[in-house]
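Here the working numbering is used: the first residue of the sequence shown is 483, the next is one more, and so on. No residue lacks a Cβ here, since even glycine has one placed at the ideal position from N, Cα and C.
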Amino acid sequence: MKQRTTKFNNKRRLAPLQDWPEPRLKELCKMLHYGGNPEHKMHPGDFGLTPPSCARRGKSLCDSIGIFTRRNALKLLRIGVSRGLVSKQTQNNWPQNIWTVYKGRVLEAQLEQPENGTYHGYPLQDGDPFAEAVLARWRLKP
């Protein structure tokens with residue numbers, strides 16, 4: 483049986499903190515949205531997903547760390563932004579990715595609607611080397 487190897491995205495980069503001063507981060511927090519993605523959910527909670535949930539094999543699941551509400555997901559997204567955990571890459575002035583930490587796990591949110599700043603997120607897979615970069619930035623800013 484062929485063993486599956488995990489590939490990690492090595493193009494991800496945290497934006498330098500000076501690129502996102504605090505007033506800009508605060509404004510971003512007010513404007514962003516959380517949509518969710520059924521591929522990262524076993525249980526739909528209150529996300530209003532279509533289809534309701536259809537976890538895809540190989541996808542990391544929000545359920546695995548206890549994120550079941552849109553409100554909690556949005557709160558975690560805003561915490562990541564407030565700590566400057568945004569990607570260098572942008573689309574329509576929105577960071578392509580936002581990261582946060584919850585229960586010791588690094589979560590990654592991906593921009594899904596660049597026209598209005600809507601994201602969906604998921605835990606980084608075990609062994610993803612980018613998690614260390616996120617954790618180092620996390621520790622810098624309480």
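Checking 8 Å against the spacing of the C-beta atoms, do Ser-564 and Gln-578 come in under that value?
Position 82 of the sequence shown, counted from the start, is the residue given in the question as residue 564. Position 96 of the sequence shown, counted from the start, is the residue given in the question as residue 578. Contact flag unset, no.
Within the segment 492–516, note down every full alpha helix (DSSP H) run reaching 4 residues or more, in order along the chain.
504–513
With a threshold of 6 Å on Cβ separation, who are the neighbours of Leu-514 within its own chain once the five nearest residues in sequence on each side are excluded?
Walking along the sequence shown from the start, residue 514 turns up at place 32. So the qualifying residues of the chain are Gly-599.
Starting from Glu-590, trace the beta strand (DSSP E) both ways and give me its first and last residue.
Position 108 of the sequence shown, counted from the start, is the residue given in the question as residue 590. That run of the beta strand (DSSP E) goes 587–595.
Classify Phe-490: buried if its beta carbon has 16 or more other beta carbons within 10 angstroms, exposed otherwise.
Taking the sequence shown and counting its residues from 1, one reaches residue 490 at position 8. The residue is exposed, with fewer than 16 neighbouring Cβ atoms inside 10 Å.
Segment contact, 8 Å Cβ cut-off, at least three pairs: the segment 602–620 with the segment 573–593:
Short answer: they touch.
My output table needs one value for Ile-580: the three-state DSSP class, helix, strand or coil.
In the sequence shown, the residue the question calls residue 580 occupies position 98. DSSP places Ile-580 in strand when its eight states are reduced to three.
Tell me which same chain residues have a C-beta within less than 7 Å of the C-beta of Leu-556, skipping the five on either side of it?
Locating residue 556 in the sequence shown gives position 74, where the first residue counts as 1. Around Leu-556: Tyr-516.
Per DSSP, the bridge partner or partners of Gly-609
For the purposes of this step, residue 609 is identified with residue 127 of the sequence shown, where counting begins at 1. DSSP, once it has assigned bridges, lists no residue as partnering Gly-609.
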